[in-house]
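FYI, our numbering numbers position 228 of the sequence shown as 301, with every residue one higher than the one before it. For glycine and all other residues, C-beta sits at the position ideal for the given N, C-alpha and C. Treat the numbers as computed from the prediction; the structure is a model and nothing was measured. Comments concern the structure below.
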Amino acid sequence: MAVCAAPERVALGPAPGPWIVAGSVNLAPATPFGVMGILNLTPDSFYDGGEHTTGEAALRKALALSAAGADLLDLGAESSRPGARPLSPCEEQQRLIPVLDAVRERLPGIPLSVDTVHAATAAAALDRGAVIINDVSACGVDPELVDVLAERRPGYVLMHSQGRPPEMQDAPSYADVCLEVRRFFAREIDRLVKAGLPEDHIVLDPGIGFGKTQAHNLALLAHMEDFLEFGRPLLVGLSMKSLFGDLLGLPLEARGAATQTASALLWERGVFWHRVHDVAGVRGALRLAAALAGA
Numbered sequence: 074m075a076v077c078a079a080p081e082r083v084a085l086g087p088a089p090g091p092w093i094v095a096g097s098v099n100l101a102p103a104t105p106f107g108v109m110g111i112l113n114l115t116p117d118s119f120y121d122g123g124e125h126t127t128g129e130a131a132l133r134k135a136l137a138l139s140a141a142g143a144d145l146l147d148l149g150a151e152s153s154r155p156g157a158r159p160l161s162p163c164e165e166q167q168r169l170i171p172v173l174d175a176v177r178e179r180l181p182g183i184p185l186s187v188d189t190v191h192a193a194t195a196a197a198a199l200d201r202g203a204v205i206i207n208d209v210s211a212c213g214v215d216p217e218l219v220d221v222l223a224e225r226r227p228g229y230v231l232m233h234s235q236g237r238p239p240e241m242q243d244a245p246s247y248a249d250v251c252l253e254v255r256r257f258f259a260r261e262i263d264r265l266v267k268a269g270l271p272e273d274h275i276v277l278d279p280g281i282g283f284g285k286t287q288a289h290n291l292a293l294l295a296h297m298e299d300f301l302e303f304g305r306p307l308l309v310g311l312s313m314k315s316l317f318g319d320l321l322g323l324p325l326e327a328r329g330a331a332t333q334t335a336s337a338l339l340w341e342r343g344v345f346w347h348r349v350h351d352v353a354g355v356r357g358a359l360r361l362a363a364a365l366a367g368a
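This is how it looks when you write it as structure tokens:
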């Protein structure tokens with residue numbers, strides 16, 4: 074695997090462009106970072122699958138994430154872990170919509186993101202008050218999702234993945250992973266803007282663990298500032314991932330400190346948004362990084 078070129082600069086305190094979401098709202102936290110709390114509604118997600126599959130349990134988790142300081146919540150009803158079984162939009166919505174309605178009622182002020190690859194689910198979620206679509210497929214699973222994005226203009230997380238969850242970790246291969254992800258972002262931003270989604274509605278996620286080996290993941294994380302060239306906020310989801318198990322020998326339940334440390338280091342490289350399970354712990358690490366950068 075070819076390595077990436079050395080970074081030209083390191084960002085101390087990212088200053089991204091605005092992130093406009095549905096309703097023309099600019100998501101602008103008071104802090105110099107943003108934390109997206111993960112609410113998994115699936116029985117088979119790698120970290121907390123099965124813990125929040127009932128409406129009551131999911132609502133308790135949403136309230137806890139909000140109380141811990143999440144700037145927004147990301148609800149997912151279809152697992153995207155390697156080898157996960159795809160769901161039909163109908164199955165996905167049966168899990169998602171009741172919880173989305175309950176969270177919207179109890180937490181009317183917190184922005185909601187929905188993690189889906191399906192146009193029908195995205196449309197249903199936006200109808201019920203979600204303002205962001207977090208799509209691991211870049212509209213590759215359901216091309217009609219592009220039409221929903223263009224018509225409804227929500228916030229959109231554009232994520233890179235090589236392959237789909239059932240087979241994405243079989244044999245990931247890149248000549249230069251950083252260059253190829255940059256080319257992907259350039260191509261897909263252009264496609265979405267031409268379709269009708271304004272560029273300031275898009276944030277970029279390099280897709281750590283999605284069709285990448287450990288070497289690919291580390292190369293991307295070490296050169297995250299490369300993606301600032303697009304002028305869009307960066308979002309990274311590496312919370313509790315197997316990267317920390319492979320690199321540090323940590324079991325799943327012991328990866329919290331590694332996630333906090335990596336999040337702080339990535340903030341210094343320009344990553345504004347952090348998608349995490351442990352909102353309080355990561356917020357603390359980010360506050361410390363921001364305080365030291367401003368000292």
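Which class does residue i belong to by DSSP, given the choice of helix, strand or coil?
i    : result
I206 : strand
R158 : coil
L92  : The identity of residue 92 in the sequence shown is Trp, whereas the question assumes Leu. Correct three-state label for W92: coil.
S24  : The structure shown has nothing for residue 24, since the chain only spans 74 to 368.
V214 : coil
L146 : strand
V254 : helix
L112 : strand
D220 : helix
Q235 : coil
P171 : helix
S336 : helix
Y120 : Reliability of the predicted coordinates at Y120 is poor, the pLDDT of 47 falling under 50, and the value obtained from them is presented with this limitation in mind. Reduced to three states, the DSSP call for Y120 is coil.
D263 : helix
R342 : coil
E272 : helix
E178 : helix
E164 : helix
Just the Cα atoms here: how many angstroms apart are residue i and residue j?
i    : j    : result
L222 : F283 : 23 angstroms
Q333 : L359 : 8 angstroms
A198 : V355 : 27 angstroms
V190 : L323 : 31 angstroms
S234 : W92  : 22 angstroms
G96  : L146 : 17 angstroms
G128 : L136 : 12 angstroms
C163 : A150 : 11 angstroms
L321 : F257 : 30 angstroms
F303 : L218 : 23 angstroms
A211 : P279 : 11 angstroms
G269 : E224 : 7 angstroms
W329 : D174 : Note that residue 329 is Gly in the sequence shown here, rather than Trp. Approximately 30 angstroms, taken between the alpha carbons.
P159 : S153 : 8 angstroms
H125 : R177 : Note on H125: pLDDT 48, under 50, position unreliable in the model; no value is reported.
A363 : P181 : 29 angstroms
E253 : R342 : 19 angstroms
N113 : A248 : 34 angstroms
A259 : L169 : 32 angstroms
S161 : F317 : 32 angstroms
N99  : P245 : 36 angstroms
L369 : P105 : The structure shown does not extend to residue 369, since the chain is modelled only from 74 to 368, so the question has no answer here.
D215 : T194 : 11 angstroms
For the alpha helix (DSSP H) that residue i lies in, which residues bound it at each end?
i    : result
S315 : 315-321
R133 : 128-140
A103 : No alpha helix (DSSP H) holds A103; DSSP gives it neither H nor E.
L199 : 192-200
Specify, as a first and last residue, the run of the beta strand (DSSP E) that residue i falls within.
i    : result
D243 : Segment: none, D243 is in no beta strand (DSSP E) and carries neither H nor E.
G357 : Element bounds for G357: not the beta strand (DSSP E) but the alpha helix (DSSP H), 352-366.
G228 : 228-232
H347 : 346-349
Suppose only complete runs of 3+ residues qualify. What are the beta strand (DSSP E) ranges in the stretch 274-333, listed by chain order? If we require 3 residues or more, the beta strand (DSSP E) runs fully inside the stretch 274-333 come out as 275-278.
The stretch 336-356 / the stretch 307-326 touching (three or more Cβ pairs under 8 angstroms): Contact check between the stretch 336-356 and the stretch 307-326: three or more CB pairs, one atom from each, fall below 8 angstroms, which counts as touching.
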